[in-house]
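Heads up, the sequence shown is in our numbering, so the first residue is 39 and it goes up one at a time.
The beta-carbon is built from N, C-alpha and C at its ideal position, and this holds for glycine as well.
Below is one structure, written out as structure tokens; comments come after it.
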Amino acid sequence: MFDLSQKTQAIKLESALYVVATPIGNLGDITLRALQILASVDFVICEDTRISLRLLEAYKIKEKKMLIYNDHSEEKARENILRLLIEKKSLALISDAGTPLISDPGYKLISYLRTYDQRIIPLPGPSSLTSALCASGLPCDNFLFLGFLPTTRIAQKNLLKSLPTNFTFAFFESANRVTETLESISETLGERRVCAARELTKIHEEIVTHEIKTLQKFFETNPEKLRGEFVIIVEKAKKDERKISEENLQKEIKAAILAGESIKDLSQNLADIYGIHKKEIYQLALKLTK
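Given below as structure tokens:
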């Protein structure tokens, strides 16, 4: 059992921005290294001081100088953080929960500091995205992360239509939009297996994977399950569903050739993606190179 009673000892740190993952629900998921860094840095950069101070207090980390960096922060905030690093201070960047920069505003700060060659040190840890993926039972050898989908049905469907069919994809969704979003997926992509993961690592954690029609019925008959924050994962299409017109296939072949791929390799790669016989693609590629 994780013991929160022991105070973490501070150590001397080199000047850097430490990107620190924090628990997404269960306080026991913090890493020992994260605790040591949070106890030792000169400043903690957070989205909301109220949330982050409660987190630090739970780990007996007190009297820590806090800086706010969120969606509303402007360049002045980034300049202040750069100044502190130039002054050889150590800073930790945390989000309200999980790994910073996964669908949060921190990337602008990191990009800014990179242009000034500042040291960035990542500390791996909790992430609702990777937690849901590994428990979903869906193929995750290659996947796309979409953050939050657009709010309108038309924009949702346009995005879904544009996605490559040979990738599983994942996104965050709020409970009040799950039903409509599943409808958009069903209407646009047809029958796919979908995982809905909510309240990960918390008391009411639930991870459900079904064919999309079954999942829709599950929420229709269990509306009380539509609570909390969701990670939705949609399985990539089966090979026989990955249709592509000859015109678009020719475009992909030409693009692969321009990128320096051999005809043999591109034929195998495209065959794996679209379920088309490798020999058929090979012959088409030969014609296009004449």
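- Here the alpha carbons of P162 and S141 stand approximately 16 Å from one another.
- Out of A234, I119, A135, E218, the CA that lies nearest to the CA of L171 is found in A234.
- Between the beta-carbon of L184 and that of F207 there is about 6 Å, and that keeps the pair under the 8 Å contact cut.
- DSSP assignment within the stretch 43-94 yields the following whole alpha helix (DSSP H) runs of 4 residues or more, N-terminal first: 70-78.
- Rounded to whole angstroms, the separation of the alpha carbons of R265 and L220 is 15 Å.
- Residue state for T327 is assigned as coil, using DSSP reduced to three classes.
- Spanning the alpha carbons of L201 and K317 requires a straight line of approximately 26 Å.
- Taking the Cα positions, I75 is about 43 Å away from N196.
- Look at the beta carbons and you see the stretch 127-142 touching the stretch 81-88: at least three pairs across the two are nearer than 8 Å.
- Going by C-alpha positions, Y312 is about 49 Å away from S53.
- Counting along the chain, the unbroken beta strand (DSSP E) around S212 starts and ends at 206-212.
- Out of E299, A130, R92, L73, the CA that lies nearest to the CA of V57 is found in A130.
- By the C-beta density criterion, G298 is exposed, having fewer than 16 other C-beta atoms within 10 angstroms.
- R231 sits in a strand when the DSSP states are folded into three classes.
- If you ignore the 5 residues before and after A72, its C-beta comes within less than 8 Å of the C-beta of V58, A59, T60, L161, G163, all in its own chain and listed in chain order.
- Annotation: the continuous alpha helix (DSSP H) that includes I124 extends over 113-124.
- By the Cβ-count criterion, P261 is exposed, with fewer than 16 other Cβ atoms from all chains shown falling within 10 Å of its own Cβ.
- Exposure of R152 is indicated by the presence of fewer than 16 other C-beta atoms within 10 angstroms of its C-beta.
- If you check the CB distance, I119 and S78 do not come in under 8 Å.
- When rounded, the separation of the alpha-carbon atoms in E218 and E258 is 12 Å.
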